[in-house]
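Using UniProt numbering, the first residue of the sequence shown is number 1, and each one after it goes up by one. For every residue, glycine included, the Cβ atom is placed at its ideal position computed from N, Cα and C. Remember, it's a predicted structure, so these values are computed and weren't measured experimentally. Structure record follows, encoded as structure tokens.
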Amino acid sequence: MRIYNGGTFTNSYRSDAMENRKLKIAPSQKLPCSSFLPATSKRSIVLPEDQENSAPNKNFEASSNARVPKKPLSMDQENSSNFSNTSVTAAPMVPSKALSEKPAMQKGLSERTLGEPIPEGGVCNLVYEPDSSGRLVEHFTKTELHGMAVVGRWTAGNGKKIAGFKFKRNAGRNVLIGNCAAGVLGRKNYCNGFCQFVKQAYLMNGEVTLYDIPKGFKAMPVDVYLYYDDNRPGHQTVKLVPGKSLSTENLLAVSCLPKNTPFYETETVDLFKWLHDAEVQGYSSKC
1 MRIYNGGTFT NSYRSDAMEN RKLKIAPSQK LPCSSFLPAT SKRSIVLPED
51 QENSAPNKNF EASSNARVPK KPLSMDQENS SNFSNTSVTA APMVPSKALS
101 EKPAMQKGLS ERTLGEPIPE GGVCNLVYEP DSSGRLVEHF TKTELHGMAV
151 VGRWTAGNGK KIAGFKFKRN AGRNVLIGNC AAGVLGRKNY CNGFCQFVKQ
201 AYLMNGEVTL YDIPKGFKAM PVDVYLYYDD NRPGHQTVKL VPGKSLSTEN
251 LLAVSCLPKN TPFYETETVD LFKWLHDAEV QGYSSKC
């Protein structure tokens, strides 16, 4: 190490060469740490050295917001309150016979038996389905229908037979008309579908039957009138009675109106006036 001393450089090492540059401070003159801090950060209270490491006083401990950890409870103590507040109710025993019974049907579906025996050639039922805003569906079948709202039926007349493919195609179902659930348009469509159903019976020279709406089923109750080629009072216009079949022979027109709507029953009236007056309240059609 080269050291400059009195104008000359020397390579000799002197342990006291830098001694005069060190700051000699007596142990009793040590500066406090607070002297190196800004004035604003100095503590206003300085505890004596004998109290710096002592335990904090009770007032300071009470004013602190620190959480005091709780002693963990045993499993028995923790669940004791739950056992006292819990009431266990045993599930009722269900007999095995009840499990084998048929499940409850959807509200509005009919389980009734219509009464008339189904002929060997089958029948066409008019079924109301609440799906798709309500629709009327023809259902060709050779057995009794269950779980469906049957509101009408026709059977083929003498010399007529329902084609076999109608029982197989789409499981015997054929949608007549939809959107029958609400409003003026829904009322018109429902009555229109019923008139189409009666006209199908007329083409088969069959007998047509009207049924009441099944109990608990939401649908529009209607009255159906048949206009025959018979000018005798009480024979020209005939109202379908629920559950009673009527022939479609010599039928000229059909009308479907909301239930209890005043209409011709005993009067003799011109066919065109009859069709017009029925169209105002519901729907009518020539056969």
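In three-state DSSP terms, what is residue i?
i	result
Val94	Here Val94 scores only 44 on pLDDT, less than 50, and its place in the model is too uncertain to base an answer on.
Phe140	strand
Ala149	strand
Gly121	coil
Gly172	helix
Asp229	coil
Tyr128	strand
Ser284	strand
Ser133	coil
Thr266	coil
Ile177	strand
Thr248	coil
Thr155	strand
Ser41	Because the pLDDT at Ser41 is just 45, under 50, the model does not fix this residue reliably, and the value given afterwards should be weighed accordingly. In the structure shown, Ser41 sits in a helix (DSSP, three-state: H, G or I).
Alpha helix (DSSP H) containing residue i: first to last residue?
i	result
Arg187	Gly183 to Leu203
Gln254	A small fix is needed here, since residue 254 is Val in this sequence, not Gln. Where Val254 is concerned, there is no enclosing alpha helix (DSSP H), although the beta strand (DSSP E) it sits in stretches over Leu251 to Pro258.
Glu279	Leu271 to Gln281
Phe167	Phe165 to Lys168
Could you tell me whether any non-hydrogen atom of the ligand MN is closer than 7 Å to the CB of residue i?
i	result
Val150	Absent from the structure shown: the ligand MN. Ligands present: none.
In whole angstroms, give me the CA-to-CA distance for residue i and residue j.
i	j	result
Pro214	Val150	8 Å
Leu275	Leu240	17 Å
Tyr211	Gly152	5 Å
Gly282	Ala163	31 Å
Leu185	Phe165	33 Å
Leu126	Glu138	5 Å
Lys286	Val280	15 Å
Phe272	Ser284	10 Å
Phe167	Ile118	14 Å
Thr237	Tyr264	7 Å
Val198	Leu257	14 Å
Val123	Val222	22 Å
Lys160	Pro233	31 Å
residue 323	Asn158	Residue 323 lies beyond the residue range present for the chain, which begins at 1 and ends at 287; the question has no answer from this structure.
Asp131	Met220	15 Å
Val224	Trp154	14 Å
Gly243	Glu207	12 Å
Ala181	Lys218	9 Å
Cys195	Gly147	24 Å
Gln200	His235	22 Å
How would you write the range of the beta strand (DSSP E) that residue i sits in, first residue to last?
i	result
Lys239	Thr237 to Lys239
Glu207	Glu207 to Leu210
The segment 223 to 238 in contact with the segment 249 to 264 per 3-pair CB rule at 8 Å = yes
message = Is it the case that the segment 139 to 154 contacts the segment 183 to 190, given that we only count it when at least three CB pairs across the two stretches are under 8 Å?
response = Between the segment 183 to 190 and the segment 139 to 154, the count of Cβ pairs shorter than 8 Å is below three; the stretches do not touch.
ask   = Does the segment 266 to 284 come close enough to the segment 171 to 178 that 3 or more CB-CB pairs lie under 8 Å?
value = Contact between the segment 171 to 178 and the segment 266 to 284 is absent: fewer than three C-beta pairs spanning the two stretches fall below 8 Å.
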